[in-house]
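Q: When we follow UniProt numbering, the leftmost residue of the sequence shown carries the number 1, and every step to the right adds one.
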Amino acid sequence: MTRSLDRLIRPKSIAVFGGKEARRVIFQCDKMGFSGEIWPVHPREDEILGRKCYRSVAELPGAPDASFVGVNRELTIGIIRDLAARGAGGAVCYASGFREAVSELADGDDLQTALVEAAGDMPILGPNCYGFINMLDGALLWPDQHGMLRIDKGVAVLTQSSNIACNISMQQRGLPLAYILTAGNQAQTGLADLACAVLEDPRVTAVGLHIEGFDSLESLERLALRSRELKKPVVTLKVGKSEQAQLATVSHTASLAGNDAVSSALLARLGIGRVETLPELLETLKLLHIAGPLPSHDISSMSCSGGEASLMADAGVKRKVNYRALKDFQRQPLRETLGQMVTISNPLDYHTFVWGNREKQTAAFTTMMQGGYALNLIVLDFPRLDRCDAEDWTTTCHAVIDASKATGANAGIVASMGENMPEATAEMLMQNGVVPFYGIEEALAAADAAAGIGEAWARPQSAPLLKSAAGEGEAVTLTEHEAKRALAAHGLTVPKGLTAQTPQAAADAAETLGFPVVLKGLGVAHKTEAGAVKLNLQSREAVMQAAESMAGVASGFLVEKMVGKPIAELIVGAMRDPVAGPVLTIGAGGILVELLEDSAILTLPTDEKAIREAIARLRVARLLDGYRGGPKGDFDALVAAVASAASYVVSNASIIEELDVNPIMVLPAGDGVVAADALIRLRENP
Numbered sequence: 001m002t003r004s005l006d007r008l009i010r011p012k013s014i015a016v017f018g019g020k021e022a023r024r025v026i027f028q029c030d031k032m033g034f035s036g037e038i039w040p041v042h043p044r045e046d047e048i049l050g051r052k053c054y055r056s057v058a059e060l061p062g063a064p065d066a067s068f069v070g071v072n073r074e075l076t077i078g079i080i081r082d083l084a085a086r087g088a089g090g091a092v093c094y095a096s097g098f099r100e101a102v103s104e105l106a107d108g109d110d111l112q113t114a115l116v117e118a119a120g121d122m123p124i125l126g127p128n129c130y131g132f133i134n135m136l137d138g139a140l141l142w143p144d145q146h147g148m149l150r151i152d153k154g155v156a157v158l159t160q161s162s163n164i165a166c167n168i169s170m171q172q173r174g175l176p177l178a179y180i181l182t183a184g185n186q187a188q189t190g191l192a193d194l195a196c197a198v199l200e201d202p203r204v205t206a207v208g209l210h211i212e213g214f215d216s217l218e219s220l221e222r223l224a225l226r227s228r229e230l231k232k233p234v235v236t237l238k239v240g241k242s243e244q245a246q247l248a249t250v251s252h253t254a255s256l257a258g259n260d261a262v263s264s265a266l267l268a269r270l271g272i273g274r275v276e277t278l279p280e281l282l283e284t285l286k287l288l289h290i291a292g293p294l295p296s297h298d299i300s301s302m303s304c305s306g307g308e309a310s311l312m313a314d315a316g317v318k319r320k321v322n323y324r325a326l327k328d329f330q331r332q333p334l335r336e337t338l339g340q341m342v343t344i345s346n347p348l349d350y351h352t353f354v355w356g357n358r359e360k361q362t363a364a365f366t367t368m369m370q371g372g373y374a375l376n377l378i379v380l381d382f383p384r385l386d387r388c389d390a391e392d393w394t395t396t397c398h399a400v401i402d403a404s405k406a407t408g409a410n411a412g413i414v415a416s417m418g419e420n421m422p423e424a425t426a427e428m429l430m431q432n433g434v435v436p437f438y439g440i441e442e443a444l445a446a447a448d449a450a451a452g453i454g455e456a457w458a459r460p461q462s463a464p465l466l467k468s469a470a471g472e473g474e475a476v477t478l479t480e481h482e483a484k485r486a487l488a489a490h491g492l493t494v495p496k497g498l499t500a501q502t503p504q505a506a507a508d509a510a511e512t513l514g515f516p517v518v519l520k521g522l523g524v525a526h527k528t529e530a531g532a533v534k535l536n537l538q539s540r541e542a543v544m545q546a547a548e549s550m551a552g553v554a555s556g557f558l559v560e561k562m563v564g565k566p567i568a569e570l571i572v573g574a575m576r577d578p579v580a581g582p583v584l585t586i587g588a589g590g591i592l593v594e595l596l597e598d599s600a601i602l603t604l605p606t607d608e609k610a611i612r613e614a615i616a617r618l619r620v621a622r623l624l625d626g627y628r629g630g631p632k633g634d635f636d637a638l639v640a641a642v643a644s645a646a647s648y649v650v651s652n653a654s655i656i657e658e659l660d661v662n663p664i665m666v667l668p669a670g671d672g673v674v675a676a677d678a679l680i681r682l683r684e685n686p
């Protein structure tokens with residue numbers, strides 16, 4: 001059920017319950033100029049900060065739009081029930097001691113359930129939640145200090161952590177913060193629903209999420225869709241990289257597809273950006289506030305130092321940003337403006353010949369910005385204002401502003417060290433449509449994230465994610481022969497093979513298939529480690545000997561025709577993510593799976609274009625393209641094989657637990673691919 005949060009986060013009347021914390025809420029609202037009604041509720045006080053106190057919800061002059069409930073956990077439940085019955089717009093539940101404290105308080109889980117039941121259809125934030133700050137209307141259900149000012153337009157930042165919210169409110173980077181909202185336990189209302197609510201405010205330009213986990217896939221999809229419809233981008237800082245999927249796995253797939261890798265693939269599919277640190281989140285929000293999503297990863301860089309140009313170039317190596325070469329028409333004007341001693345390139349070191357000359361700097365920056373780059377960056381570290389004169393640096397700022405306005409291009413000024421950008425300068429640049437970036441790494445992370453959102457929005461809307469509840473029965477592992485037959489039915493090419501129960505029967509099967517053959521022990525998960533696979537057997541006697549050697553670990557035998565030497569070996573696997581459901585993994589296969597950690601994740605359903613793009617991102621793709629003059633692999637056949645595996649997973653979404661096809665042997669172009677090994681685990685409903 002989707003509850004309207006409009007009255008709660010944009011209130012015209014506020015009720016506050018409690019003592020010290022409630023008093024702070026009133027103080028902050030007064031300080032920030034809230035123009036609506038504030039109604040304190042207290043059992044003994046007659047007035048708080050000049051306002052009449054009421055004794056209960058029933059005595060209030062009306063149903064409050066928003067309420068801050070700053071009392072203990074037991075009293076909170078009763079007040080929430082009374083507010084819901086009165087028709088209130090929503091409430092912040094400040095108290096702790098609910099589900100987050102279940103290891104210390106045995107009744108924490110029960111109390112949280114009771115709280116949600118008491119709220120009914122009325123939205124609540126928390127419990128264990130500080131509340132929110134709305135600086136557009138001066139409405140603060142916030143019992144603490146903060147560093148924000150009233151604004152007319154800006155970004156919203158949402159987090160589960162109240163302390164992180166406090167820290168963000170103190171930023172001095174020139175970022176206009178319209179909202180800060182905390183969700184606490186998310187007992188009823190999750191961050192994605194909150195984000196949808198703030199997106200609807202026409203004064204909000206972009207949304208940032210600091211998130212520990214996704215509360216609802218449906219809410220996340222709804223957020224992504226609304227973000228795209230309103231053209232208001234969303235970027236996330238999702239923590240928990242070290243967390244692995246909590247599955248009893250027997251395949252290589254799970255080692256490649258932890259929760260974090262799946263989260264990245266899921267967010268990319270939905271067109272939601274992702275960053276790694278809080279500074280990157282804030283810098284990305286500044287870029288999105290000014291420029292919105294970027295149309296490409298092409299950027300330009302200019303600085304008056306070769307050292308800074310090198311820093312920019314090196315920082316781009318690990319990212320998708322592309323320092324595209326200058327266009328021919330740019331070279332001569334730059335040469336004429338900057339002189340003969342300047343190397344005309346991107347990144348560009350323009351030396352100091354035009355330093356302090358606004359006209360010439362504007363001409364140089366304008367020429368660079370006419371190159372069609374998605375973002376144009378100028379590296380500029382300011383001197384200490386308490387000890388130095390920054391006049392020439394200010395001149396450079398105005399030259400960048402002039403060039404950006406003349407060309408309509410996106411521009412940013414990057415301080416290589418965050419402390420070298422005065423806050424007043426950052427605010428001035430933002431007001432003039434130039435992004436002040438604090439840090440080179442942060443600037444390029446912002447460009448990457450904004451371009452990723454732009455790419456996603458340029459594609460047709462993705463199909464809804466595959467949703468299917470997992471079976472509840474015991475997981476059953478198919479034999480390799482059974483797994484291959486199942487995959488072959490969906491179009492995957494597998495070797496010709498026969499099963500046998502005895503060494504004698506295995507030898508007979510080998511003669512039927514024709515030598516050379518491969519012999520594998522059935523019922524063994526990791527055959528290579530267990531000695532249950534023998535390759536290139538050339539005779540009946542060799543098959544007999546190999547079968548006898550693995551008889552103690554195998555429940556039977558699979559005899560297959562030997563596959564020719566491949567160009568490359570890949571793995572295609574699937575696992576069930578607790579949020580995204582079944583997801584597909586593609587990566588370097590064979591013995592290189594964990595060694596190279598070269599993989600990509602595809603959420604489902606997928607299509608041929610997405611499969612091609614995922615394979616092309618792999619390092620092993622260089623082998624498929626004829627590495628160092630070698631033969632090319634059958635790329636089209638590999639794409640078809642991955643599509644076949646995806647088809648099997650989608651068709652068995654409700655029962656599949658794991659799929660591991662490793663290796664898929666990619667033969668020379670025109671010869672196809674062969675799935676040399678396969679493992680499937682299914683969880684049937686009892």
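Virtual Cβ for every residue (Gly too), placed ideally from N, Cα, C.
#1: Look at the alpha carbon of S4 and the alpha carbon of L667, and state the distance between them as a whole number of angstroms.
#2: Rounded to the nearest angstrom, how far is the Cβ of A645 from that of L659, given a contact under 8 angstroms?
#3: Please determine, among Q28, S219, D46 and L225, the residue with the shortest C-alpha to C-alpha distance to M148.
#4: According to DSSP, which residues form a beta bridge with G412?
#5: Is the beta carbon of L326 sitting closer than 8 angstroms to the one on I299?
#6: By Cβ distance below 7 angstroms, which residues in the same chain neighbour S25 in space, the five residues on each side in sequence not counted?
#7: Quick one: grab the DSSP three-state call for G97.
#8: Straight-line CA distance for P202 to E569?
#9: Just the C-alpha distance for I133 and A580, rounded to the nearest angstrom, thanks.
#10: Compute the distance between the beta-carbons of E212 and Q160, then report whether it is under 8 angstroms.
#11: Which same chain residues end up closer than 6 angstroms to P605 when comparing Cβ atoms and leaving out the 5 residues on each side of it in sequence?
#12: Quick check on P123: buried or exposed, where buried means 16 or more other Cβ atoms within 10 Å of its Cβ?
#13: Using a threshold of 8 angstroms, state whether the C-beta atoms of R269 and T236 are closer than that.
#14: Just to confirm before moving on: does the CB-CB distance between V102 and L83 stay below 8 angstroms?
#15: Taking the continuous alpha helix (DSSP H) assigned at L334, which residues delimit it?
#16: How would you write the range of the beta strand (DSSP E) that S305 sits in, first residue to last?
#17: If you draw a straight line from the alpha carbon of F98 to that of A195, how long is it in whole angstroms?
#18: Examine the Cβ distances between the region 356-370 and the region 486-494 and report whether three or more of them are shorter than 8 angstroms.
#19: Short of 6 angstroms in beta carbon distance, which residues of its chain neighbour K286, apart from the five on each side in sequence? Order them along the chain.
#20: Would L638 pass as a contact of I615 if the rule is Cβ separation under 8 angstroms?
#21: Can you tell me where the alpha helix (DSSP H) with E529 in it begins and where it stops?
#22: Using C-beta distances below 7 angstroms, list every residue in its chain close to G62, excluding the 5 sequence neighbours before and after it, in chain order.
#23: According to DSSP, what are the bridge partners of K238?
#24: If distances are taken between C-alpha atoms only, which option among E480, R150 and A641 comes closest to M32?
#25: In chain order, which continuous runs of the alpha helix (DSSP H) of length 4 or greater are located wholly inside the region 176-204?
#26: Excluding the 5 residues flanking P43 on each side, which residues of the same chain have their C-beta closer than 7 angstroms to its C-beta?
#27: With a Cβ-Cβ cutoff of 8 angstroms, do I413 and C388 count as a contact?
#28: Hey, how far is the Cα of L158 from the Cα of A530?
#29: Within 10 angstroms of the Cβ of Q461, are there 16 or more other Cβ atoms? Answer buried if so, exposed if not.
#30: Where does K52 fall in DSSP's three states?
#31: Applying the 10 Å Cβ sphere with the 16-neighbour rule, what's the burial state of T352?
#32: Could you give the distance in angstroms between the alpha-carbon of T284 and the alpha-carbon of A446?
#33: Could you pull out every residue in the same chain whose Cβ sits closer than 6 angstroms to the Cβ of A475, ignoring the five residues on either side in sequence?
#34: Just checking: is the beta-carbon of A411 within a distance shorter than 8 angstroms of some beta-carbon in chain C?
#35: For H146, I'd like the list of residues in its chain whose CB is within less than 8 angstroms of its CB, leaving aside the five on either flank, ordered along the chain.
#36: Looking only at DSSP bridge pairs, what is L136 linked to?
A: On the basis of the coordinates in this document:
#1: Taking the first residue of the sequence shown as position 1, residue 4 is located at position 4. Taking the first residue of the sequence shown as position 1, residue 667 is located at position 667. Taking the straight line from one Cα to the other gives about 57 angstroms.
#2: Along the sequence shown, one-based indexing puts residue 645 at 645. Along the sequence shown, one-based indexing puts residue 659 at 659. At roughly 7 angstroms, the Cβ-Cβ gap stays under 8 angstroms, so A645 and L659 are in contact.
#3: Along the sequence shown, read from residue 1 onward, the residue named residue 148 stands at position 148. Selected option, being the one with the closest Cα: Q28.
#4: Counting from 1 along the sequence shown, the entry for residue 412 is found at position 412. Note: G412 sits in a beta bridge opposite L377 and V435.
#5: Position 326 of the sequence shown, counted from the first residue, corresponds to residue 326. Position 299 of the sequence shown, counted from the first residue, corresponds to residue 299. No, these two residues do not count as a Cβ contact at 8 angstroms.
#6: Walking along the sequence shown from the start, residue 25 turns up at place 25. In the sequence under discussion, the amino acid at residue 25 is Val, which differs from the Ser named in the question. Counting only Cβ-Cβ distances below 7 angstroms, and skipping sequence neighbours, we find V16, F68, L140, L141, W142 and P143.
#7: As a first step, residue 97 must be located in the sequence shown, where it is residue number 97. Looking at G97 - three-state DSSP - the assignment turns out to be coil, as it is neither helix nor strand.
#8: As a first step, residue 202 must be located in the sequence shown, where it is residue number 202. As a first step, residue 569 must be located in the sequence shown, where it is residue number 569. Between P202 and E569, the C-alpha separation is close to 51 angstroms.
#9: Taking the sequence shown and counting its residues from 1, the one referred to as residue 133 is at position 133. Taking the sequence shown and counting its residues from 1, the one referred to as residue 580 is at position 580. For I133 and A580, the distance between alpha carbons rounds to 32 angstroms.
#10: Looking up residue 212 in the sequence shown gives position 212. Looking up residue 160 in the sequence shown gives position 160. Contact flag set, yes.
#11: As a position in the sequence shown, residue 605 is number 605, starting the count at 1. Hits under 6 angstroms: A463, L466 and V650.
#12: The count along the sequence shown starts at 1 and reaches residue 123 at position 123. Under this definition P123 is a buried residue.
#13: Walking along the sequence shown from the start, residue 269 turns up at place 269. Walking along the sequence shown from the start, residue 236 turns up at place 236. No, they are not a contact pair.
#14: Here the question's residue 102 lines up with position 102 in the sequence shown. Here the question's residue 83 lines up with position 83 in the sequence shown. Contact flag unset, no.
#15: Numbered from its first residue, the sequence shown carries residue 334 at position 334. Note, L334: alpha helix (DSSP H), D328 to L338.
#16: As a first step, residue 305 is located in the sequence shown; it is residue number 305 there, counting from the start. From DSSP, S305 is part of no beta strand (DSSP E); its letter is neither H nor E.
#17: Position 98 of the sequence shown holds residue 98. Position 195 of the sequence shown holds residue 195. Cα to Cα, the separation comes out at about 24 angstroms.
#18: no
#19: The residue you call residue 286 lines up with position 286 of the sequence shown. Contacts found: L175 and V435.
#20: Position 638 of the sequence shown, counted from the first residue, corresponds to residue 638. Position 615 of the sequence shown, counted from the first residue, corresponds to residue 615. Result yes, Cβ atoms of L638 and I615 sit closer than 8 angstroms.
#21: The residue labelled residue 529 in the question sits at position 529 within the sequence shown. First-last of the alpha helix (DSSP H) with E529: K527 to A530.
#22: Here the question's residue 62 lines up with position 62 in the sequence shown. For G62, where only same-chain residues beyond five positions count, the Cβ hits under 7 angstroms are S13.
#23: Translated into positions along the sequence shown, residue 238 becomes position 238. In the DSSP output, where bridge partners are listed per residue, K238 has I211.
#24: What you label residue 32 is simply residue 32 of the sequence shown in a count that begins at 1. That would be R150, whose Cα lies nearest to the Cα of M32.
#25: 191-199
#26: Mapped onto the sequence shown, residue 43 falls at position 43. Excluding sequence neighbours, P43 sits near R55.
#27: In the sequence shown, the residue the question calls residue 413 occupies position 413. In the sequence shown, the residue the question calls residue 388 occupies position 388. Cβ distance not < 8 angstroms, so I413 and C388 don't count as in contact.
#28: Against the sequence shown, residue 158 aligns to sequence position 158. Against the sequence shown, residue 530 aligns to sequence position 530. Taking the straight line from one Cα to the other gives about 50 angstroms.
#29: Residue mapping note: residue 461 aligns to position 461 of the sequence shown, counting from 1. It counts as exposed.
#30: Taking the sequence shown and counting its residues from 1, the one referred to as residue 52 is at position 52. It is a strand residue.
#31: Here residue 352 is taken as the residue at index 352 of the sequence shown, counted from 1. With fewer than 16 other Cβ atoms within 10 Å, it is exposed.
#32: Within the sequence shown, numbered from 1, the residue matching residue 284 stands at position 284. Within the sequence shown, numbered from 1, the residue matching residue 446 stands at position 446. Rounded to whole angstroms, T284 to A446 spans 4 angstroms at the Cα level.
#33: The count along the sequence shown starts at 1 and reaches residue 475 at position 475. Around A475: E657, R681 and R683.
#34: No chain C is part of this structure, which consists of one protein chain only.
#35: Residue mapping note: residue 146 aligns to position 146 of the sequence shown, counting from 1. Once the five neighbours on either side are set aside, the close Cβ partners of H146 are Q28, I133, L140, C166, S169, M170 and I180.
#36: In the sequence shown, counting from the first residue as 1, residue 136 sits at position 136. According to DSSP, which records beta bridges pairwise, L136 is partnered with nothing at all.
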